[in-house]
Amino acid sequence: MSIADRKERERVQRQNLIIDAAEKVFMTKGFENATMEDIAEEAEFSKGTLYTYFQSKNELCLSIVLRGLKVLVCEFEKVVKESTSNINKIESLATKFLKFYKKYPNFIFAFSNYKQHRAGCKFESTILQDIEAENHKIRDIISQIIMNGKQDNSIRYDADSGKISYILWGEISGLIPTLLQEIDDIDTVELYKYTIQMIRYALINRTK
Numbered sequence: 470m471s472i473a474d475r476k477e478r479e480r481v482q483r484q485n486l487i488i489d490a491a492e493k494v495f496m497t498k499g500f501e502n503a504t505m506e507d508i509a510e511e512a513e514f515s516k517g518t519l520y521t522y523f524q525s526k527n528e529l530c531l532s533i534v535l536r537g538l539k540v541l542v543c544e545f546e547k548v549v550k551e552s553t554s555n556i557n558k559i560e561s562l563a564t565k566f567l568k569f570y571k572k573y574p575n576f577i578f579a580f581s582n583y584k585q586h587r588a589g590c591k592f593e594s595t596i597l598q599d600i601e602a603e604n605h606k607i608r609d610i611i612s613q614i615i616m617n618g619k620q621d622n623s624i625r626y627d628a629d630s631g632k633i634s635y636i637l638w639g640e641i642s643g644l645i646p647t648l649l650q651e652i653d654d655i656d657t658v659e660l661y662k663y664t665i666q667m668i669r670y671a672l673i674n675r676t677k
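Numbering (the numbering used here), first residue to last: 470 to 677.
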């Protein structure tokens, strides 16, 4: 291994340790009450070291979002390979996100505050660019399912795969985090499932 490779590996390891620490601190203290000093102490690094890798708490929270998106890309890629009609894969995507929501509460916490943290970062942030790249991968997966569904006649022929990829991903990723912040007594999971079922119903090919 070259010196450059070793330094890069060490850099990534440090980044991951800092993100691990941020997850713990944000979940324990809440984003507003947490400080960079708290995260530095948890990671056992100096505050200066944190700022070498991350510009702000906002960027750290977005790094958690990025982690979550990479997990979801891997899970959604499995859906494409499922041996079922493509219309059924619409609900499979939503089910994958529901399992993700239950298994990784730290990621959902970050997702629910994504817009706030995005606004708090500089436009040229590489983390923002990486997040958009992962979002693009997910939209491509959804587009592929829609196009495949038109070929197997399970999805209506006039479905716009590009537009639907934005709409469906927006509903899948945004509904639960949004509802978690509501004060009203809402069964979040049931409303989520109902919404996805209605989208699926709207996409069914009824001309077969």
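Note that CB positions come from ideal geometry on N, CA and C, so glycine has one too.
Treat the numbers as computed from the prediction; the structure is a model and nothing was measured.
Could you please give the first and the last residue of the uninterrupted alpha helix (DSSP H) stretch that includes residue i?
i      : result
Arg536 : 526-549
Arg675 : Per DSSP, Arg675 belongs to no alpha helix (DSSP H) and is neither H nor E.
Thr521 : 516-522
Ser561 : 555-572
Val507 : A small correction: the amino acid at residue 507 is Asp; Val does not occupy that position in the sequence shown. Here the alpha helix (DSSP H) through Asp507 covers 505-512.
Glu477 : 472-498
Tell me whether residue i is buried or exposed, calling it buried when 16 or more other Cβ atoms sit within 10 Å of its Cβ.
i      : result
Asp507 : buried
Asn502 : exposed
Arg536 : buried
Ile472 : exposed
Val534 : buried
Asn582 : buried
Lys526 : buried
Thinking just about the alpha-carbon of each residue, which of the options is nearest to the one in residue i?
i      : options                        : result
Ala671 : Ile633, Ile641, Leu660         : Ile633
Ser515 : Ala490, Arg536, Phe500, Leu535 : Ala490
Ile614 : Lys584, Asp474, Tyr573, Asn555 : Asn555
Glu511 : Gln585, Ser525, Phe495, Phe523 : Phe495
Ile645 : Arg675, Asn674, Lys571         : Lys571
Val549 : Asn617, Ser581, Glu659, Asn575 : Asn617
Tyr635 : Ala628, Arg608, Ile668         : Arg608
Pro625 : Arg669, Ile673, Phe580         : First, the amino acid is wrong: residue 625 is Arg here, not Pro. Closest option to Arg625, Cα to Cα, is Ile673.
Leu648 : Leu519, Ser525, Phe578, Glu492 : Phe578
Lys565 : Ile641, Thr504, Thr553, Gly631 : Ile641
Phe580 : Glu659, Lys476, Gln524, Glu528 : Glu528
So within the stretch 575-634, which uninterrupted alpha helix (DSSP H) runs reach at least 4 residues, ignoring any that extend past its ends? 583-588, 595-620
Using 8 angstroms as the cut-off, can you tell me whether the stretch 535-548 makes contact with the stretch 600-610, which would need three or more C-beta pairs spanning the two stretches below that distance? yes
Would you call the stretch 558-566 in contact with the stretch 472-485, where contact means no fewer than 3 C-beta pairs closer than 8 angstroms? no
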